[in-house]
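**Student:** Heads up, the sequence shown is in our numbering, so the first residue is 4 and it goes up one at a time. Where a beta carbon is used, it is the ideal one built from N, C-alpha and C, also for glycine. Just dropping this structure here.
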Amino acid sequence: LDRWQPKYFINAAGTAGRPNISWCETNKEETIDINVTGQLNVAEICRQRGIHCTLFGTGCLYYYDKDHPVGSGKAYTEQDKPNFTGNFYGRMRIMLEELVQQYENVLSLRIAFPIDAHNNPRALQAKLIKYPKITSTPTSFTVMDSLFPLIPEMAKRGLTGIYNFTNPGVTTNSKILQIYKETVDPNHTWIDVEQSVSNVPRAYSELDTAKLRKHFPDIPHVDEAIKVGFRKLKKRLDMERESASIREESNVKQNAL
């Protein structure tokens, strides 16, 4: 930082464990070091140098309850106290949020179930298409191609504090796969199964995006953003297949010489 002297710093570091967040339950010290201590260190060294710092957090901090029942449209705002403490990963993210709010230079973005147009293995749809059976609960999602281009502008405007960084509205895993089938792979199939009845809450909820839309009113609804992203994905996959076909044809001609 002293060498390059940036005005803005975007910190995408963090761990959700591999293969999933259960890793955090048995690696608590490492989880704390990466997701709490490391994040605070970055925030502090940026503060000391007058640098605006953007941190990537999680939006999976809530679950539907009696005051925010599923399908009610009653969404959680940034001021609502997180109520999902069902795993160590989530509890550490809540702790981090409480601490970074003391830093006037920090913008904390709550990202939930990210979807992209590149089929990154860690993106939600890349995981969903591998499962023969899925469950579905309406929840908020972050469509990266729709929202991530806003991050540099948020930094330039000097926005700080916590923001629910998801697209407006909610959708489901089944709806996402239906859009995928319609736009990317018409042969894709899956089976919808009912969510098992359990008293253990899951981190599904609707996040209120009014604070974000105050600055960026044209953010598309989650379903529309997914459609746009998947059209880009289809175009990219078609180009990759065409390039592979041309290379294969070229190799055949060379081998024939």
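Where do the ends of the beta strand (DSSP E) carrying Y166 lie?
**Tutor:** 164-167
**Student:** Taking 8 Å as the threshold (C-beta atoms), are Y11 and A158 in contact?
**Tutor:** yes
**Student:** Have a look at E100, I35, S149, P72 and flag the residue whose alpha-carbon is nearest the alpha-carbon of D221.
**Tutor:** Of E100, I35, S149, P72, the smallest CA-CA separation from D221 is found for S149.
**Student:** Taking the alpha-carbon positions, what's the D119 to R6 distance?
**Tutor:** 33 Å
**Student:** How should P9 be labelled, buried or exposed, when 16 other C-beta atoms within 10 angstroms of its C-beta is the threshold for buried?
**Tutor:** Residue burial annotation: P9 is exposed, with fewer than 16 other C-beta atoms found within 10 angstroms of its C-beta.
**Student:** Three-state secondary structure (DSSP) at H218?
**Tutor:** helix
**Student:** My understanding is that S177 touches S143, with C-beta atoms under 8 Å, so please give their C-beta distance in whole angstroms.
**Tutor:** Not confirmed; about 16 Å, so no contact.
**Student:** With a Cβ-Cβ cutoff of 8 Å, do T340 and M95 count as a contact?
**Tutor:** Nothing can be reported for residue 340, as the shown portion of the chain is limited to 4 through 260.
**Student:** In chain order, what residues of the same chain lie with their CB nearer than 8 Å to the CB of L4, ignoring the 5 residues before and after it?
**Tutor:** F12, I48, C49, R52, I54
**Student:** For the stretch 78-164, list the alpha helix (DSSP H) runs that are entirely contained and at least 4 residues long, ordered along the chain.
**Tutor:** 91-103, 127-131, 147-150, 154-159
**Student:** Where do the N-terminal and C-terminal ends of the beta strand (DSSP E) with L210 fall, by residue?
**Tutor:** Per DSSP, L210 belongs to no beta strand (DSSP E) and is neither H nor E.
**Student:** Measuring CA to CA, which of A46, R234, F87 is closest to Q105?
**Tutor:** A46
**Student:** Quick check on this structure: which residue in F87, G164, G161 has the alpha carbon closest to the alpha carbon of Q206?
**Tutor:** The question names Gln, but residue 206 is Ala in the sequence shown. Considering only alpha carbons, the answer is F87.
**Student:** Mapping the DSSP letters down to three states, classify L54 as helix, strand or coil.
**Tutor:** Leu is not the amino acid found at residue 54; the sequence shown has Ile there. Note: I54 maps to coil in three-state DSSP.
**Student:** So for N38, helix, strand or coil by DSSP?
**Tutor:** helix
**Student:** Within this structure, are the beta carbons of F233 and V187 separated by less than 8 Å?
**Tutor:** yes
**Student:** Report the residue from L110, N90, K133, E209 whose alpha carbon sits nearest the alpha carbon of L180.
**Tutor:** Of the listed residues, the one whose Cα sits closest to L180 is K133.
**Student:** Distance check for K130 and P22, CA to CA, integer angstroms please.
**Tutor:** 11 Å
**Student:** According to DSSP, which residues form a beta bridge with Y66?
**Tutor:** Under DSSP, Y66 takes part in no beta bridge, so it has no partner.
**Student:** Considering I179, what are the terminal residues of the alpha helix (DSSP H) in which it resides?
**Tutor:** 176-186
**Student:** Around the C-beta of I194, are 16 or more other C-beta atoms found within 10 angstroms, so that it is buried, or is it exposed?
**Tutor:** exposed
**Student:** Do P171 and T212 have their beta-carbon atoms positioned less than 8 Å apart in this structure?
**Tutor:** Their beta carbons are under 8 Å apart, which means T212 touches P171 by this criterion.
**Student:** Given this structure, state the Cα-to-Cα distance separating T169 from N258, to the nearest angstrom.
**Tutor:** 51 Å
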